[in-house]
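Count along the sequence shown from 1, then add 209; that gives the number in the numbering used here.
Built from N, CA and C at the ideal position, the CB exists for glycine as well.
Since the structure comes first, as structure tokens, the remarks are kept for the end.
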Amino acid sequence: MADNYLEKKMEQYRGGSATVAKLKNSLAGLLLKNRSTRGYDSTFKVRKDQLQRIVAVNTKLASARNRQLLRFKLVTGEDAGMVLPHISMGVGLSELSLPLPGCEPNAFIVVCSAEEPRNSTYIDLGISVQSMLLQAVEIGLNGLCIMSFDAEAITKELALPYKPLMVVAIGKGAEKIELVDIPADGNHGYFRKDGVHYVPKLTVDELIIE
């Protein structure tokens with residue numbers, strides 16, 4: 210299981226707590242913890258200032274022709290209830306109807322475009338959301354990119370002045386997620402077994418063209 214990577218590395222390094230802390234905060238460590246999370250601790254309330262800190266990474270990111278067209282609606286507290294009915298958080302596990310009751314996120318970042326989106330807008334979107342999720346992980350939170358949502362309903366509910374491109378759920382993760390290696394012809398579909406959410410990933414050897 211690839212999620213044992215950090216544990217193995219911590220056993221290999223015997224330089225004390227400082228070395229372990231450095232490993233946890235490394236890019237590799239953040240990437241491993243940055244899993245698509247579909248179950249959250251409903252008792253943990255995400256604050257608006259935490260969402261602001263997450264969105265703030267966009268002031269340092271690359272943008273196609275430096276147009277900086279992305280805009281962000283922060284949704285917390287009771288307003289999260291206006292978003293939940295209009296999103297789907299587990300298309301690949303439709304039989305579970307995720308999120309499960311009591312495991313809903315209570316905060317969202319709705320990413321919009323200030324102009325009609327073009328190909329470069331979606332490149333900016335990918336850079337932005339990945340960076341925001343890494344920032345969320347760094348401050349102890351988790352998230353999920355949601356592309357399956359009712360854009361018209363969310364636009365109306367939140368009185369958005371721009372077209373929503375993606376909804377990002379943010380919260381304190383409450384599920385166990387592990388990565389599993391697969392060959393190029395393996396099944397890419399994520400699945401759940403004994404309460405664990407497994408995510409198949411190609412190995413680096415499969416990704417590199419010889």
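Simplified DSSP state of residue i, which is helix, strand or coil
i: L388; result: strand
i: L239; result: helix
i: K254; result: coil
i: Y249; result: strand
i: K381; result: coil
i: R274; result: helix
i: L367; result: helix
i: T330; result: helix
i: A345; result: helix
i: E287; result: helix
i: E324; result: coil
i: T412; result: coil
i: D212; result: Its pLDDT being 46, under 50, D212 is placed unreliably by the model, and the measurement read from it follows with that caveat. Helix at D212.
i: E304; result: helix
i: R244; result: coil
i: G393; result: A quick correction: the sequence has Ala, not Gly, at residue 393. Correct three-state label for A393: coil.
One or two residues paired with residue i in a DSSP bridge
i: V376; result: V319 and I355
i: Y407; result: E387 and F400
i: I296; result: F358
i: K282; result: V319
Residues near residue i in its chain [Cβ-Cβ closer than 6 Å; skip 5 each side]
i: E324; result: L278
i: I263; result: M341, Q344 and A345
i: T412; result: D390
i: G286; result: none
i: D403; result: none
i: R181; result: Residue 181 lies beyond the range of the chain shown here (210 to 419); nothing can be said about it.
i: D414; result: none
Same chain, Cβ closer than 7 Å to residue i, five either side skipped, listed in chain order
i: G301; result: G398 and Y399
i: L307; result: R247, M298 and G299
i: C312; result: G248, Y249, S251 and A383
i: L270; result: I336, S337 and S340
i: T330; result: L278 and S322
Assigned exposure category for residue i - 16 Cβ within 10 Å defines buried
i: R244; result: buried
i: G395; result: exposed
i: L350; result: buried
i: Y222; result: Bear in mind that the predicted position of Y222 carries a pLDDT of just 41, short of 50, making it unreliable; the figure below should be weighed with that in mind. The residue in question, Y222, is exposed, as its Cβ has fewer than 16 Cβ neighbours within 10 Å.
i: L374; result: buried
i: K242; result: buried
i: A393; result: exposed
i: P310; result: exposed
i: D333; result: buried
i: T268; result: exposed
i: A289; result: buried
Contacting residues, own chain, Cβ-Cβ under 8 Å from residue i (five flanking each side not counted)
i: L369; result: K282, V319, C321 and I363
i: K257; result: L283 and T285
i: I379; result: V255, Q259, L260, I263, P314, A316, F317, I318, A345, L350, N351 and G352
i: E366; result: M291, V292 and H295
i: L305; result: G299 and R401
i: E347; result: N234 and L239
Option nearest residue i by Cα separation, candidates the options
i: R276; options: V266, R327 and D250; result: R327
i: M356; options: Q339, K365 and V377; result: V377
i: S337; options: I379, V266 and S297; result: V266
i: H406; options: I386, A393, E419 and P392; result: I386
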